[in-house]
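Read the structure below first, then the notes.
Numbering (my numbering), first residue to last: 1 to 209.
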């Protein structure tokens, strides 16, 4: 049976998603300010680009079903922390950590969870830095803290993640061993390439100085 919200719960979810959209817009605005500040006043921004997304009701329902939870708007709000999300692409892997510290220093957004899959990649080879940030949204005379997932990675890491997602979807989550091994090899080579590219960047910076 396909996972889906009842008509009543779907209406409640749509109202909730509106608030998640506001939280995402709030965080995206802050990211734009950080990017422009770094670029114009701090000697350069490590951010190449970033984008946001809100999970669809179908995707939320499937995730609740996978967690063996009743498909309700309240469970979505209480149990899922990635309904709203943004992905930031950095130039180099070493830039990720300085950007994480910048995000953690924002006074009105609280980091409630972080996972470093850059230094400690998943067994699949996946690399990225994940933060869950509580973003305050003021509406209807009250302030609500809404979780927004932040993923920070390099262009090469993002390319790998996109390819791995396509393979996983093709094989319905069960990737054949030979393809899984090949993806791990590619992930390791991408990490090595990221480090070598940064070394070149570092050498050029020293020459310019």
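Beta carbons are placed, not taken as given, at the ideal position from N, Cα and C, and that holds for glycine.
- Note that the stretch 67 to 77 touches the stretch 10 to 29; at least 3 beta-carbon pairs, one per stretch, sit closer than 8 Å.
- Pairing residue 142 with residue 22, the inter-Cα distance amounts to about 14 Å.
- Secondary structure in the stretch 146 to 172: the alpha helix (DSSP H) runs of 4 residues or longer, each lying completely within the stretch, are 155 to 170 in chain order.
- Counting along the chain, the unbroken alpha helix (DSSP H) around residue 102 starts and ends at 93 to 104.
- Each of 158, 175 and 63 was checked against the Cα of residue 49, and the nearest Cα belongs to 158.
- Contact annotation: the stretch 137 to 155 does not touch the stretch 171 to 180, with fewer than three C-beta pairs closer than 8 Å.
- The residue from 134, 208, 127 and 111 with its alpha-carbon nearest to that of residue 190 is 127.
- The beta carbons of residue 87 and residue 168 sit no closer together than 9 Å.
- Its chain contains 135 and 137 as the residues whose beta carbon lies nearer than 7 Å to that of residue 26, once the 5 sequence neighbours on both sides are disregarded; these appear in chain order.
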